[in-house]
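With my numbering applied, the sequence shown covers 1 to 541.
Just so you know, even glycine gets a beta-carbon here, dropped at the ideal spot from N, CA and C.
Keep in mind it's a predicted model, so treat the numbers as computed, not measured.
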Amino acid sequence: MQTEKIEAFLEGIEGWSWEKIGLWAMLFFFSGLVVVLTYQEKLPLDIDHFSFLFFLLLLFALYRPRLSFFALVFFLPFEIINLAPSELGLALRPYQLLTVTTLLAIVLHILGGKMNPKKIHFIGLDALPIGVFMGSVLAIPGALVPAIAFKQALILASFLTLYTVARIFLKSAKVREEALNFFYGGALVVILVAFWQNIQDKYGHVSHMVMAGRPNSTFFEADWLGFFLAGVALLLLGEWVVGTRKKQDTQIEHMALVARWIFFVLTVMVLIMTVSRSAWLAFVVGILMLFVTEGYRVLRGERKWKKYAMKILLAGGLCVIALTLVLLFQLTRFQISERAESTTNGYQNITVACEREASLPKRIESVEELSLYGCRHITLEAIEEEKQVGKSIQEVERRDPNFSIRSQIYQKSWETLKTHFVFGIGLGNSSQFLGLDAQGAGLNTSNLFLETWLASGLLGGLSLFLLWIVLGIRFVYGIVKGSYPERYMLGFALLCGMTIFNLFNAGMFLGSFFFLLALLVTLSNPPADYKFNPPTDHKKV
Numbered sequence: 001m002q003t004e005k006i007e008a009f010l011e012g013i014e015g016w017s018w019e020k021i022g023l024w025a026m027l028f029f030f031s032g033l034v035v036v037l038t039y040q041e042k043l044p045l046d047i048d049h050f051s052f053l054f055f056l057l058l059l060f061a062l063y064r065p066r067l068s069f070f071a072l073v074f075f076l077p078f079e080i081i082n083l084a085p086s087e088l089g090l091a092l093r094p095y096q097l098l099t100v101t102t103l104l105a106i107v108l109h110i111l112g113g114k115m116n117p118k119k120i121h122f123i124g125l126d127a128l129p130i131g132v133f134m135g136s137v138l139a140i141p142g143a144l145v146p147a148i149a150f151k152q153a154l155i156l157a158s159f160l161t162l163y164t165v166a167r168i169f170l171k172s173a174k175v176r177e178e179a180l181n182f183f184y185g186g187a188l189v190v191i192l193v194a195f196w197q198n199i200q201d202k203y204g205h206v207s208h209m210v211m212a213g214r215p216n217s218t219f220f221e222a223d224w225l226g227f228f229l230a231g232v233a234l235l236l237l238g239e240w241v242v243g244t245r246k247k248q249d250t251q252i253e254h255m256a257l258v259a260r261w262i263f264f265v266l267t268v269m270v271l272i273m274t275v276s277r278s279a280w281l282a283f284v285v286g287i288l289m290l291f292v293t294e295g296y297r298v299l300r301g302e303r304k305w306k307k308y309a310m311k312i313l314l315a316g317g318l319c320v321i322a323l324t325l326v327l328l329f330q331l332t333r334f335q336i337s338e339r340a341e342s343t344t345n346g347y348q349n350i351t352v353a354c355e356r357e358a359s360l361p362k363r364i365e366s367v368e369e370l371s372l373y374g375c376r377h378i379t380l381e382a383i384e385e386e387k388q389v390g391k392s393i394q395e396v397e398r399r400d401p402n403f404s405i406r407s408q409i410y411q412k413s414w415e416t417l418k419t420h421f422v423f424g425i426g427l428g429n430s431s432q433f434l435g436l437d438a439q440g441a442g443l444n445t446s447n448l449f450l451e452t453w454l455a456s457g458l459l460g461g462l463s464l465f466l467l468w469i470v471l472g473i474r475f476v477y478g479i480v481k482g483s484y485p486e487r488y489m490l491g492f493a494l495l496c497g498m499t500i501f502n503l504f505n506a507g508m509f510l511g512s513f514f515f516l517l518a519l520l521v522t523l524s525n526p527p528a529d530y531k532f533n534p535p536t537d538h539k540k541v
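This is the structure:
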């Protein structure tokens, strides 16, 4: 009797079943395990264990292709995990391994006659990411270091494979909704790891943060974590605001909605803690586009003003709750208001240590001026140490060096493009022309569109630009003229958020980027495209 009640409960939640619940729980456990093993330097695997894992995942993909895809989606944010043995000479993330096994399973099903390849349809937009790849290939001979350009082109090809697999499965509306549930599952693990990092850092324990005070969780940088969480937050809020999922006035649906709001608050809390201004801006612009398009439907009489106002108040309230919790529990050592203000006024607050109490000006142009007052710039973690030796700790605003650095980078990039206008300089070669930062890391243009043009030449740059423009046009047209505008509204908000972030970053080499790109292309298609059914999890595929 109790089992029947549980089954009825699961059936009431759209897209869930015992099988998917079991897979979700298993992935949750193993994702946490691989993070722990990575922090303990127990990964990557040796060649024997890797071969055995590959064999098991291939069998899993052959028997359960959809579940294999869901596992792939779950592991998308786990960028720091490397499974490949050192003998292979490459890094292989869990989602990349699952991409290979899932695609192999599809190919084997086609060769075995269990799947009709004619049912796999792609559209013209799908050729544009290939154009970026072809541009990167054409740039290899003229690259300053062709070996780097060749290796990076192969990595890009692996991401295009992920894009292809995602396009095959996401064409089904049912599978897309189920896949997002697993996407959120991976995000939950990432969020928990970020909170753990923050607590460890707060109490002076090993946190594995790349930059003190800024959690990066399972990503290599806090900015990439911010990009991922901005996308998750926009999808969580967007699905509810525009109503892409079927709604039923049941207790189960109410519980699911409350869970979504709680998850949204946790996501925004960690997004704030990343102190990634570009991710903040992407999130804000994405939300604005959600409510602008929703307001357009209200003006057309398709939605009610009262519900529209309630949605704005609730979304704003949830964001305020998230910000309040971060500040109340002091979950970040950065001044959030000053960090946000620096985005517009070009100045940032820094901590300085002085030999004695000094009368510092409110603002300085560079840290070199501090020597005139017997002071120097220090990091946040050095404050207590400086106090113990009798130094006077003060704060001052300095002009954000990122603005001048970006200006110099853009100038160098345009100068480089003048001599490499057609074929580019090759992927991974930007630092050969732009130099290194203060930490010795190679610089890039910090702009996805400029970086693609510089690295992949005219073909790559135009392909990416055209992809973005066509997506924008299709979404706007769909909102105005489409029969099912909810899909276009969600896609447009997500596209705007991704655009804003990538104007200040070049975040193409992320699994989540290509998954979201595949989702955007799918959302831009007419409803008839959703009649396609991807491989099923049964013997007849």
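Short of 7 Å from the beta carbon of V193, and not among the five residues preceding or following it, lie these beta carbons of its own chain, in chain order: V35, S217, T218. The segment 112-148 is shown to contain whole alpha helix (DSSP H) runs of 4 or more residues at 127-138, in chain order. Under the three-pair Cβ rule at 8 Å, the segment 403-421 does not count as touching the segment 382-395. For F74, the closest C-alpha among the options Y39, V189, M289, T38 is that of V189. Between the segment 463-474 and the segment 127-144, the count of C-beta pairs closer than 8 Å reaches three or more; the two stretches touch. Here the segment 469-478 makes contact with the segment 486-500; the two share three or more CB pairs at distances below 8 Å.
Of the candidates Y95, G511, S278, L523, L523 places its Cα closest to the Cα of I473. With contact defined as three or more Cβ pairs closer than 8 Å, the segment 269-283 and the segment 327-339 are in contact. Given a length threshold of 3 residues, the segment 29-55 has no whole run of the beta strand (DSSP E) inside it.
DSSP, read as helix, strand or coil, puts I364 in strand. If you draw a straight line from the Cα of S278 to the Cα of A222, it is about 11 Å long. Here S512 is buried: its Cβ has 16 or more other Cβ atoms, across all protein chains shown, within 10 Å. Rounded to whole angstroms, the gap between the alpha carbons of I148 and G428 is 6 Å. DSSP places I350 inside the beta strand (DSSP E), whose first and last residues are 347-354.
Straight across, the Cα-Cα distance linking G213 with T324 is about 18 Å.
Distance from the CA of L266 to the CA of M289, rounded to the nearest whole angstrom, comes to 22 Å.
Judged by pairs of C-beta atoms under 8 Å, the segment 28-48 touches the segment 66-85, as three or more such pairs exist.
Looking at S366, Q394, V352, P361, the one whose alpha-carbon comes closest to that of I378 is V352.
Within a 10 Å sphere around the beta-carbon of S407 sit fewer than 16 other beta-carbons, which makes this residue exposed. Residue T161 holds the alpha-carbon nearest to the alpha-carbon of V100 among T161, N198, T293, I425.
Following the DSSP letters along the chain, one finds H208 in no alpha helix (DSSP H), marked with neither H nor E.
Within the same chain, Q197, Q200, D201 come within 7 Å of S207 by CB-CB distance, once the 5 residues on both sides are set aside.
Under the 10 Å beta carbon count, F70 is surrounded by 16 or more other beta carbons and is classified as buried. Beta-bridge partners of I378 (DSSP): T351.
For R399, there is no enclosing alpha helix (DSSP H); the enclosing beta strand (DSSP E) covers residues 392-399. The C-beta distance from S413 to T445 rounds to 5 Å, short enough to fall under 8 Å.
Beyond the five residues adjoining it in sequence on each side, K311 comes within less than 6 Å, by CB distance, of V241 in the same chain, given in chain order.
Per the DSSP secondary-structure output, G442 pairs in a beta bridge with L436. Taking a C-beta distance under 8 Å as the contact criterion, S17 and G186 do not qualify as a contact pair. Residue pairing for R333: DSSP places it in no beta bridge. In the three-state reduction of the DSSP assignment, R297 falls in the helix class. In the DSSP assignment, M508 falls outside any alpha helix (DSSP H), carrying neither H nor E.
Remark: C-beta atoms of G135 and S456 approach each other more closely than 8 Å. Of the residues S404, L281, I262, the one whose Cα lies closest to the Cα of G226 is L281.
A check of alpha carbon separations from S371 across L360, L104, E381 identifies L360 as the nearest.
Boundaries of the alpha helix (DSSP H) harbouring P65: 65-74, taken from the DSSP string.
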